[in-house]
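Under this note's numbering, the first residue of the sequence shown is numbered 134, with each subsequent residue one higher.
All residues carry an ideal CB built from backbone N, CA and C; glycine is no exception.
Since the model is a prediction, treat every value here as computed from it, not as a measurement.
Since the structure comes first, as structure tokens, the remarks are kept for the end.
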Amino acid sequence: MALATACAVIFGTADFFGGLATRRSRVLAVVACSQLGGMVLVLALMPFLPGVASTEALLWGMASGVAGGLGIVLFYRGLATGKMSVVAPITATTAMAVPVMAGLVLGERPSLLAMGGVALGLVAVMMVSREPGGSGALTLGPVLNALASGAGFGGFFILLKLAPADAGLWPLVGARVASIALVAILAVATRRSMRPTPGSLRVTIAAGVLDMTANVLFLLAAQRGMLILVTVLVSLYPASTLLLARYVLGERLSSMQIAGVGCALGAIALIAAS
Numbered sequence: 134m135a136l137a138t139a140c141a142v143i144f145g146t147a148d149f150f151g152g153l154a155t156r157r158s159r160v161l162a163v164v165a166c167s168q169l170g171g172m173v174l175v176l177a178l179m180p181f182l183p184g185v186a187s188t189e190a191l192l193w194g195m196a197s198g199v200a201g202g203l204g205i206v207l208f209y210r211g212l213a214t215g216k217m218s219v220v221a222p223i224t225a226t227t228a229m230a231v232p233v234m235a236g237l238v239l240g241e242r243p244s245l246l247a248m249g250g251v252a253l254g255l256v257a258v259m260m261v262s263r264e265p266g267g268s269g270a271l272t273l274g275p276v277l278n279a280l281a282s283g284a285g286f287g288g289f290f291i292l293l294k295l296a297p298a299d300a301g302l303w304p305l306v307g308a309r310v311a312s313i314a315l316v317a318i319l320a321v322a323t324r325r326s327m328r329p330t331p332g333s334l335r336v337t338i339a340a341g342v343l344d345m346t347a348n349v350l351f352l353l354a355a356q357r358g359m360l361i362l363v364t365v366l367v368s369l370y371p372a373s374t375l376l377l378a379r380y381v382l383g384e385r386l387s388s389m390q391i392a393g394v395g396c397a398l399g400a401i402a403l404i405a406a407s
């Protein structure tokens, strides 16, 4: 479970850098440039983590890239039409719950201690994802967007897990090709520029490299462990994003978010002890 825990920390750090980048540049520019940075990294790592190149590996990877890309698009759409205090926790919880259900369908049966960690992890994600001071008023459109977005993110994890175990990093190559193509199509369809603003490129590339590093760790963890446990640990990444925002940017955390970080640590301990 060490790989999955490290993946969560790095995913959260990547989100932190991505958030900084979107404050300085256009969203599609951040997504496109970060995805290209991740592609360069995975290609550089392939000689060190070789695998069997196959059509099956690339197709599973491309399917996961499309699912993750659609999840991002729907997430931003949900944020644009609803409150973050509603959209973020629903998205995060769905992104965790969908792979958990898929793992059970696939025959995974974690221990009772591990399932306690799963339940605590679900609570932690809802707590740390909630916006301080948000009213949490529910409206159908943003809720549906959040559910679909979370399903997309969960689908990304599931589809990568289904790729051949001997594929190495080839599924991630397929995922990046698909996600970059999706962003490019979206930019053309909406007539939006993918050119980054001056001064934003370094932090954008850093976000992409960290995101791909986390993807590599997830793939390695999923190839070795249960989808349920790996996904729950990885889904605790908002805790590290919050801590970075607190200690780097000086943002204040609500008492609920602080408690959520504590629940996340408890979930990690339960799953690691199982």
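Of the listed residues V251, M389 and Q356, nearest to A402 (C-alpha basis): Position 269 of the sequence shown, counting from 1, holds the residue named residue 402. Nearest to A402 by C-alpha distance, out of V251, M389 and Q356, is V251.
Beta-carbon contacts of V261 that lie in its chain and below 7 Å, excluding the five residues immediately before and after: The residue given as residue 261 occupies position 128 in the sequence shown. Around V261: P371, A372, L375, Q390, G393, V394 and A397.
Inter-residue spacing [alpha-carbon to alpha-carbon] between L239 and R156: As a first step, residue 239 must be located in the sequence shown, where it is residue number 106. As a first step, residue 156 must be located in the sequence shown, where it is residue number 23. Roughly 41 Å separates the two Cα atoms.
Buried or exposed (CB count within 10 angstroms, at least 16 for buried), I291: For the purposes of this step, residue 291 is identified with residue 158 of the sequence shown, where counting begins at 1. I291 should be labelled buried.
8 Å contact criterion, which T364 and M229 should meet: CB distance rounded: Here the question's residue 364 lines up with position 231 in the sequence shown. Here the question's residue 229 lines up with position 96 in the sequence shown. Yes, T364 and M229 are in contact; Cβ-Cβ is about 6 Å, under 8 Å.
G184 versus L176: straight-line alpha-carbon distance, rounded: In the sequence shown, counting from the first residue as 1, residue 184 sits at position 51. In the sequence shown, counting from the first residue as 1, residue 176 sits at position 43. It is roughly 12 Å from the alpha-carbon of G184 to the alpha-carbon of L176.
Rounded C-alpha distance that separates W193 from G307: Locating residue 193 in the sequence shown gives position 60, where the first residue counts as 1. Locating residue 307 in the sequence shown gives position 174, where the first residue counts as 1. Looking at the two C-alpha atoms, the distance is approximately 8 Å.
Given A147 as reference, the closest of V316, C140, S333 and D344 once Cα atoms are compared: If you number the sequence shown from 1, residue 147 lands on position 14. When only C-alpha atoms are compared, the closest one is D344.
Residue burial classification, F476 (beta-carbon count within 10 angstroms, cutoff 16): Because the chain is modelled from 134 through 407, residue 476 falls outside the range shown and cannot be assessed.
Under 8 Å between C-beta atoms of I143 and T346: Taking the first residue of the sequence shown as 1, we reach residue 143 at position 10. Taking the first residue of the sequence shown as 1, we reach residue 346 at position 213. It is a contact, given that the beta carbons lie within the stated cut-off.
At least three beta-carbon pairs within less than 8 Å, the region 274-287 to the region 151-167: no
Distance between A406 and L315 (C-alpha atoms, nearest Å): Here residue 315 refers to the residue found at position 182 of the sequence shown. Here residue 406 refers to the residue found at position 273 of the sequence shown. If you take the alpha carbons of L315 and A406, they lie about 40 Å apart.
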